[in-house]
């Protein structure tokens, strides 16, 4: 159920499990970093061309198809934004579909709808402009690509923060003692801390860590 919503879940029993989660989190962080950098370097040229096209010469307005209605700028924007939609948007589309199947309309759905709407509209407008002479297409290929770039940046930063949290929790788990000294009559046995049951009598030696919560039956000491 959790995985169908686009999340992963696992039972954490030891610090070793946290170490595996940290490795997985690092892989996810690198994945978002890769997607952001890809999206940025594909979107940045579009932003520059659209912002400074009046200063870059008339070659950007030169026609490459459809009797000049598809200009160099439109063609480049279409190619670059298509790469961004396929490579970066795929991850959002996948999670959005998982969420929809379970009635969960999260942020992935908003990103998928927003970016795909501007991209599909621009594609349709470009095709209609090629078919109807009187129609002047207005395209927004750069809008969807920019949105995916900013969202992937946010996902990358979020993943970094989650990784630091996982590392802190792993350090806390490693502070937990792994064994406890069980008293059974006159016999003392060292057992795994996970085997301790309610009602067991445990000995805590001076300088040792306290394995579980409990009540002091006898003895006294100073505890940090």
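Residue numbers (this note's numbering): 2 to 225. For each residue, glycine too, the CB sits at the ideal point set by N, CA and C. Computed from a prediction, not measured in an experiment: that's the story for all the values here.
With the cut-off set at 8 Å, would you say residue i and residue j are in Cβ contact?
i	j	result
residue 203	residue 183	yes
residue 164	residue 30	yes
residue 130	residue 137	yes
residue 33	residue 153	yes
residue 23	residue 171	yes
residue 79	residue 127	yes
residue 113	residue 84	no
residue 141	residue 123	yes
residue 192	residue 181	yes
residue 143	residue 51	yes
Please name the residue, chosen from the options, that lies closest to residue i on a Cα-to-Cα basis.
i	options	result
residue 178	157, 214 and 34	214
residue 139	120, 148 and 155	120
residue 90	99, 109 and 73	109
residue 273	212, 85, 186 and 208	This structure does not reach residue 273, given that the chain is present from 2 up to 225, and the question cannot be answered.
residue 48	77, 191 and 21	77
residue 39	50, 25 and 86	86
residue 186	225, 221 and 201	201
residue 41	208, 150, 99 and 210	150
residue 208	224, 74 and 216	224
Beta strand (DSSP E) containing residue i: first to last residue?
i	result
residue 192	188-193
Could you check where the alpha helix (DSSP H) with residue i kicks off and where it finishes?
i	result
residue 87	73-88
residue 121	108-132
Hey, which unbroken runs of the beta strand (DSSP E) at 3 residues or more fall wholly within the stretch 141-217? 180-185 and 188-193
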